[in-house]
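> First, the structure itself, so that you have it in front of you.
2 protein chains.
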Amino acid sequence: MRLTCKFSVLSYDSLAPKKMQAPRLRYDEANVRTIPVKTASAEYSVIVGNNILPSLYRRLAPYVGTSGRRVFVITSPQIWSLWSNSFLASFPVDTQPTVLFQPPGEQWKRFAQVERLITEMISAGADRSSLLIAFGGGIVGDVGGFVAASLMRGIDYIQMPSTLLSQVDSSVGGKVGVNLATGKNLAGAFHHPKAVFADIELLQTLPDRELRAGLFESIKAGIIRDAKLFRFMETQRDSILSRHAKALEQVIAASIRMKAEVVGIDERESGLRMILNLGHTVGHAIEAATHYRKLLHGEAVAWGMLAALEIGRARGTVTTAQAERIEQLIFAYGPLPPLKVKAAAIVEATRRDKKNRAGVRRFILPAGIGNSVVVENVTDTELNSSVAHMLTLVRARR
Amino acid sequence: MRLTCKFSVLSYDSLAPKKMQAPRLRYDEANVRTIPVKTASAEYSVIVGNNILPSLYRRLAPYVGTSGRRVFVITSPQIWSLWSNSFLASFPVDTQPTVLFQPPGEQWKRFAQVERLITEMISAGADRSSLLIAFGGGIVGDVGGFVAASLMRGIDYIQMPSTLLSQVDSSVGGKVGVNLATGKNLAGAFHHPKAVFADIELLQTLPDRELRAGLFESIKAGIIRDAKLFRFMETQRDSILSRHAKALEQVIAASIRMKAEVVGIDERESGLRMILNLGHTVGHAIEAATHYRKLLHGEAVAWGMLAALEIGRARGTVTTAQAERIEQLIFAYGPLPPLKVKAAAIVEATRRDKKNRAGVRRFILPAGIGNSVVVENVTDTELNSSVAHMLTLVRARR
Chain A
1 MRLTCKFSVL SYDSLAPKKM QAPRLRYDEA NVRTIPVKTA SAEYSVIVGN NILPSLYRRL
61 APYVGTSGRR VFVITSPQIW SLWSNSFLAS FPVDTQPTVL FQPPGEQWKR FAQVERLITE
121 MISAGADRSS LLIAFGGGIV GDVGGFVAAS LMRGIDYIQM PSTLLSQVDS SVGGKVGVNL
181 ATGKNLAGAF HHPKAVFADI ELLQTLPDRE LRAGLFESIK AGIIRDAKLF RFMETQRDSI
241 LSRHAKALEQ VIAASIRMKA EVVGIDERES GLRMILNLGH TVGHAIEAAT HYRKLLHGEA
301 VAWGMLAALE IGRARGTVTT AQAERIEQLI FAYGPLPPLK VKAAAIVEAT RRDKKNRAGV
361 RRFILPAGIG NSVVVENVTD TELNSSVAHM LTLVRARR
Chain B
1001 MRLTCKFSVL SYDSLAPKKM QAPRLRYDEA NVRTIPVKTA SAEYSVIVGN NILPSLYRRL
1061 APYVGTSGRR VFVITSPQIW SLWSNSFLAS FPVDTQPTVL FQPPGEQWKR FAQVERLITE
1121 MISAGADRSS LLIAFGGGIV GDVGGFVAAS LMRGIDYIQM PSTLLSQVDS SVGGKVGVNL
1181 ATGKNLAGAF HHPKAVFADI ELLQTLPDRE LRAGLFESIK AGIIRDAKLF RFMETQRDSI
1241 LSRHAKALEQ VIAASIRMKA EVVGIDERES GLRMILNLGH TVGHAIEAAT HYRKLLHGEA
1301 VAWGMLAALE IGRARGTVTT AQAERIEQLI FAYGPLPPLK VKAAAIVEAT RRDKKNRAGV
1361 RRFILPAGIG NSVVVENVTD TELNSSVAHM LTLVRARR
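Residue numbers (the numbering used here), protein chains in the order written: chain A, 1 to 398; chain B, 1001 to 1398.
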């Protein structure tokens, strides 16, 4: 009662159709799951499994067709040095793709790289019928997707995410784009891939810190909409962190399923899709205030979820017991690197959040475990106090 | 018969639904016509009339709404110096828009300007609910539209074209974008405006050369699909060139109607919309080969139409009499500035045309007057010979 009397709260239940069904899983062969994504403007499959790379060319056949379509790959030097042999092995000798490189790091996720990559692709013979594969982490996916969206006003592309974060989050849903000097992801497009191939095998070479950073987005998926995933991550922590393929597959498939369902209902983030931004208001602000240098995205989101959790706890959208359970799960997938940033800098940076509308700042709050609410009336005082609380946790964990 | 035996020709009749109807004109008041555009993904109005500017704010009301939506204007310094007083006069003192400038010239139609404009808009408080007005010629419309497409992955915008070319062509249909160093319009998006306001009054300050350049696109509209417009431009040449408002309105409305109809049937240029590219294969090549410095776009298209006409004449898609009539009409709206460029440079530049698919070069040819065909089998010999013929005309007109 306190909730409805005291605050204008938009619960996700009020945004979603009542008789919603989770997309069904189809199995096309051992160890490979196909999760369908169906939005207002696009329909495609996310293929999740272990060791997909050796059969990549065969799996691309439906997208390449027989019409002499040229294939281009945008990747990072690091991923390519690890996986190029496996990647190219499945391609016939006479149809090898053209490979282009995106330099690693958020500072290169900019318009200048998009322009360079488009220019290089066209110089190498790309036209509107070309197919692009974005093979790498979130930056490669975002930049590669924006290249595909913009090259001659749009060509087909495939996401082949190589990090956990990009597998569970950025490769699905069609959001692509670049940073500005003044903020992250402030320019871009909605451009859905024709397919997503999430190969769990690729995660075996992922640095430990990046694995954990990605898992924070899966924890987010559990908090906002999937209590079963949340519990699985509580009980299977050791298997997940030691990269048991089955445990990772379970986490990744559940995270993608959740995202596919949300994006299917609200493609353009006019309602339900906003819940995916739990932890992102403060998370993005932390990244901006630390110039994208100190934290991985997932780590900033983890801190941001702790701040949102504190607002939720104070407002009563979560009980103290639930808040503790969520906090414990987040720290169980740590350590989170320390933060040296002033509360005022974070609060200031939230003013530029993309979710804001005509000056109104939006927040996603957990509503128990497995549900969430969107609120528009978080005061500066509340925000200050939640950021202060978060910074206390930062200091306590040092 | 010769046509069907000798060449694989795709006529627009085979691309368009059989029972096609031209969009109906609605009149909302004296001297203002509303032409509806309805595509697979968007629905909006083109408002054509004389002296729309003084009532602009009232006309924007349906798009601005009452929710405190911020209004931004991207314009050119030249247009703004001529029309800012009239533009701003209709806005209440407390809701003046924020104005940003795009420098004039194709060399500034680049990613770097899009990035700068997005950054400036966000610094000035733009968010996803902001409304952008692109007020200027084709470059302002293309860059402004791409800014609207990309800012936070897409905001609403309005086209307010100030040149004849942008009124009859680029402001309708949602094609927006930028040039690369290596070619024109090679990057961009499909992003439809919420409305287009084509104020004929703005054309009174348009340099004579630009007026004529724009009229070549209307001639194109007549050739490919509107024999009545073609005849009107033959008989009313003097009224049109002396800018009688009624004559211009007739030409502009007919051109927009034609484009609205074509774009409504084929939004993404997978079929019928290709006919709008009559003259553009060689036209773009001329622009690229002369580094976008010698000719206005409409002038390059005029030369390109003469080249396409020569291919059509040789193939028999137009009779010699029709070819002469078309040639005469084009020259009646001249003079066309001379060209100093080698045939080989033009032919080479056509290889990078956006309409090409997997190495196949597409051409639009006039099929009589008021109809057109898309062909894919223009040989290098035919192209060379048509460009040589065009260059002969260039020399003859010097």
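We put the beta carbon where it would ideally sit given N, CA and C, even for glycine.
All values reported here derive from a predicted model rather than from experimental measurement.
1) Closest by CA to residue 442 (chain A), which one among A:111, A:230, A:64?
2) Within its chain, find whatever has a CB closer than 7 Å to the CB of residue 273 (chain A); leave out the 5 residues flanking it on each side and keep chain order.
3) So, using beta-carbon positions, are residue 168 (chain A) and residue 214 (chain A) closer together than 9 Å?
4) In the DSSP assignment, what residue or residues form a beta bridge with residue 36 (chain A)?
5) Look at residue 122 (chain A) and residue 97 (chain A) and say whether their C-beta atoms are less than 9 Å apart.
6) Leaving out five residues on either side along the sequence, give the residues of the same chain with a beta carbon under 7 Å from the beta carbon of residue 114 (chain A).
7) Which whole runs of the alpha helix (DSSP H) in the segment 96 to 125 of chain A are 4 residues long or more, in chain order?
8) Starting from residue 320 (chain A), trace the alpha helix (DSSP H) both ways and give me its first and last residue.
9) Taking C-beta pairs closer than 8 Å, name the residues in chain A that residue 1183 (chain B) reaches, listed in chain order.
10) Which runs of the alpha helix (DSSP H) fall wholly inside the segment 1245 to 1333 of chain B and span at least 4 residues, in chain order?
11) Taking any Cβ of chain B, which residues in the segment 250 to 274 of chain A have a Cβ under 9 Å from it, in chain order?
12) Since residue 1175 (chain B) meets chain A, which of its residues come closer than 9 Å, beta carbon to beta carbon?
13) Can you tell which of B:1061, B:1162, B:1300 has its C-alpha closest to the C-alpha of residue 1071 (chain B)?
14) Pick helix, strand or coil for residue 1050 (chain B), following the three-state DSSP scheme.
15) Among the residues of its own chain, which have a CB less than 6 Å from the CB of residue 1201 (chain B), if the five just before and after it don't count?
16) Select from the segment 1142 to 1172 of chain B all residues with a C-beta closer than 8 Å to any C-beta belonging to chain A, and list them in chain order.
17) Rounded to the nearest angstrom, what separates residue 17 (chain A) and residue 271 (chain A) at their Cα positions?
18) Taking buried to mean at least 16 other C-beta atoms within 10 Å of its own C-beta, is residue 321 (chain A) buried or exposed?
19) Determine, using beta carbons only, whether residue 84 (chain A) comes closer than 9 Å to chain B.
20) Using the rule of at least 16 other Cβ atoms within 10 Å of the residue's Cβ for burial, across every protein chain shown, is residue 1291 (chain B) buried or exposed?
21) Can you pull out the residues from the segment 1095 to 1122 of chain B whose beta carbon lies closer than 9 Å to at least one beta carbon of chain A?
22) Using a Cβ distance threshold of 8 Å, determine whether the segment 1246 to 1253 of chain B contacts the segment 1341 to 1354 of chain B, with at least three qualifying pairs required.
23) For the segment 1382 to 1389 of chain B against the segment 1306 to 1325 of chain B, do three or more pairs of beta-carbon atoms, one drawn from each stretch, fall closer than 8 Å, so that the two count as touching?
24) Please classify residue 48 (chain A) as buried or exposed, where buried requires at least 16 neighbouring CB atoms within 10 angstroms.
25) Can you give me the Cβ contacts of residue 1199 (chain B) inside the same chain, cut-off strictly under 6 Å, excluding the 5 residues immediately before and after it?
26) Would residue 229 (chain A) and residue 306 (chain A) qualify as a contact pair, given that the criterion is a beta-carbon distance under 9 Å?
27) Could I get the ranges of all uninterrupted beta strand (DSSP E) runs contained in the segment 1184 to 1231 of chain B, with 3 residues as the minimum, in chain order?
28) Within 10 angstroms of the Cβ of residue 218 (chain A), are there 16 or more other Cβ atoms? Answer buried if so, exposed if not.
29) Taking the alpha-carbon positions, what's the residue 1126 (chain B) to residue 1326 (chain B) distance?
30) Looking at the structure shown, is residue 1078 (chain B) part of a helix, part of a strand, or coil, going by DSSP?
31) Just to check my reading of the structure: residue 299 (chain A) and residue 337 (chain A) have Cβ atoms closer than 8 Å, yes? What is that Cβ distance to the nearest angstrom?
32) In terms of residues, what are the limits of the alpha helix (DSSP H) holding residue 1360 (chain B)?
33) How about residue 44 (chain A) and residue 194 (chain A): are their beta carbons less than 9 Å apart?
34) So, for residue 1395 (chain B): in the same chain, excluding its five sequence neighbours on each side, which residues have a beta-carbon less than 6 Å away from its beta-carbon?
35) Please classify residue 1220 (chain B) as buried or exposed, where buried requires at least 16 neighbouring CB atoms within 10 angstroms.
36) Looking only at C-alpha atoms, which of B:1063, B:1297, B:1067, B:1364 sits nearest to residue 1184 (chain B)?
Short version:
1) Past the boundaries of the shown model lies residue 442 (chain A); chain A is included only from 1 to 398, so the question cannot be answered.
2) As a working mapping, residue 273 (chain A) is identified with position 273 in the first sequence. Closer than 7 Å at Cβ, skipping near neighbours: 262, 263, 266.
3) The count along the first sequence starts at 1 and reaches residue 168 (chain A) at position 168. The count along the first sequence starts at 1 and reaches residue 214 (chain A) at position 214. Yes. Within cutoff.
4) In the first sequence, residue 36 (chain A) corresponds to position 36, counting from 1. According to DSSP, which records beta bridges pairwise, residue 36 (chain A) is partnered with A:45.
5) Position 122 of the first sequence holds residue 122 (chain A). Position 97 of the first sequence holds residue 97 (chain A). At a Cβ-Cβ threshold of 9 Å, residue 122 (chain A) and residue 97 (chain A) do not count as neighbours.
6) By 1-based counting over the first sequence, the position of residue 114 (chain A) is 114. Counting only Cβ-Cβ distances below 7 Å, and skipping sequence neighbours, we find 143, 146, 147, 150, 178.
7) If only complete runs of 4 or more residues are kept, the segment 96 to 125 of chain A shows the alpha helix (DSSP H) at 111 to 123, in order along the chain.
8) Residue numbering aside, residue 320 (chain A) sits at position 320 when the first sequence is read from its first letter. It spans 320 to 332 - the alpha helix (DSSP H) in which residue 320 (chain A) sits, taken as one unbroken run.
9) Here residue 1183 (chain B) refers to the residue found at position 183 when the second sequence is read from its first residue. What residue 1183 (chain B) touches in chain A: 122.
10) Secondary structure remark: continuous alpha helix (DSSP H) runs of at least 4 residues inside the segment 1245 to 1333 of chain B, in chain order: 1245 to 1265, 1280 to 1289, 1297 to 1315, 1320 to 1332.
11) For the segment 250 to 274 of chain A, which is checked against every Cβ of chain B, the residues closer than 9 Å are 268, 269.
12) Residue numbering aside, residue 1175 (chain B) sits at position 175 when the second sequence is read from its first letter. Against chain A, a Cβ distance below 9 Å from residue 1175 (chain B) picks out 153.
13) Counted from its first residue, the second sequence places residue 1071 (chain B) at position 71. Closest option to residue 1071 (chain B), judged by alpha-carbon separation, among B:1061, B:1162, B:1300: B:1061.
14) Counting from 1 along the second sequence, the entry for residue 1050 (chain B) is found at position 50. In this structure, DSSP gives residue 1050 (chain B) a state outside helix and strand, which the three-state scheme calls coil.
15) For this step, residue 1201 (chain B) is matched to residue 201 along the second sequence. Residues 1050, 1051 of the same chain have their beta carbon placed closer than 6 Å to that of residue 1201 (chain B), with the five preceding and five following residues left out of the count.
16) Correct list: 1149, 1150, 1151, 1152, 1153, 1154.
17) By one-based count along the first sequence, residue 17 (chain A) stands at place 17. By one-based count along the first sequence, residue 271 (chain A) stands at place 271. No answer about residue 17 (chain A) holds up, because its pLDDT of 48 lies below 50 and its placement is not dependable.
18) Taking the first residue of the first sequence as 1, we reach residue 321 (chain A) at position 321. Counting other Cβ atoms within 10 Å of its Cβ, residue 321 (chain A) stays below 16 and is therefore classed as exposed.
19) Taking the first sequence and counting its residues from 1, the one referred to as residue 84 (chain A) is at position 84. Not closer than 9 Å to any Cβ of chain B, the Cβ of residue 84 (chain A) fails to qualify, so no.
20) By one-based count along the second sequence, residue 1291 (chain B) stands at place 291. Counting Cβ neighbours within 10 Å, residue 1291 (chain B) comes out exposed, since fewer than 16 surround it.
21) Taken in chain order, the members of the segment 1095 to 1122 of chain B whose beta-carbon sits within less than 9 Å of a beta-carbon on chain A are 1110, 1111, 1112, 1114, 1115, 1118, 1119, 1122.
22) The segment 1246 to 1253 of chain B is not in contact with the segment 1341 to 1354 of chain B.
23) With the cut-off at 8 Å, the segment 1382 to 1389 of chain B and the segment 1306 to 1325 of chain B touch.
24) Along the first sequence, read from residue 1 onward, the residue named residue 48 (chain A) stands at position 48. Counting Cβ neighbours within 10 Å, residue 48 (chain A) comes out buried, since at least 16 surround it.
25) Along the second sequence, one-based indexing puts residue 1199 (chain B) at 199. Correct list, in chain order: 1052, 1053.
26) In the first sequence, residue 229 (chain A) corresponds to position 229, counting from 1. In the first sequence, residue 306 (chain A) corresponds to position 306, counting from 1. In terms of Cβ geometry, residue 229 (chain A) and residue 306 (chain A) do not form a close pair [threshold 9 Å].
27) DSSP runs (the beta strand (DSSP E)) wholly in the segment 1184 to 1231 of chain B: 1195 to 1199.
28) Sequence index remark: in the first sequence, residue 218 (chain A) carries index 218 (1-based). Its Cβ being crowded by 16 or more others within 10 Å, residue 218 (chain A) is buried.
29) The residue labelled residue 1126 (chain B) in the question sits at position 126 within the second sequence. The residue labelled residue 1326 (chain B) in the question sits at position 326 within the second sequence. The straight-line gap from Cα to Cα measures roughly 48 Å.
30) Residue 1078 (chain B) sits at position 78 when you count from the first residue of the second sequence. If DSSP states are grouped into helix, strand and coil, residue 1078 (chain B) belongs with the helices.
31) Along the first sequence, read from residue 1 onward, the residue named residue 299 (chain A) stands at position 299. Along the first sequence, read from residue 1 onward, the residue named residue 337 (chain A) stands at position 337. Confirmed, Cβ separation roughly 6 Å.
32) Taking the second sequence and counting its residues from 1, the one referred to as residue 1360 (chain B) is at position 360. Counting along the chain, residue 1360 (chain B) falls outside any alpha helix (DSSP H), and DSSP gives it neither H nor E.
33) Working through the first sequence from its first residue, we reach residue 44 (chain A) at position 44. Working through the first sequence from its first residue, we reach residue 194 (chain A) at position 194. For residue 44 (chain A) and residue 194 (chain A), yes; Cβs fall inside 9 Å.
34) The sequence position of residue 1395 (chain B) within the second sequence is 395, counting from 1. Contacts found: none.
35) Taking the first residue of the second sequence as 1, we reach residue 1220 (chain B) at position 220. Buried, because 16 or more other Cβ atoms sit within 10 Å of the Cβ of residue 1220 (chain B).
36) Reading the second sequence from its first residue, position 184 is the one you call residue 1184 (chain B). Checking every option, the nearest Cα to that of residue 1184 (chain B) belongs to B:1297.
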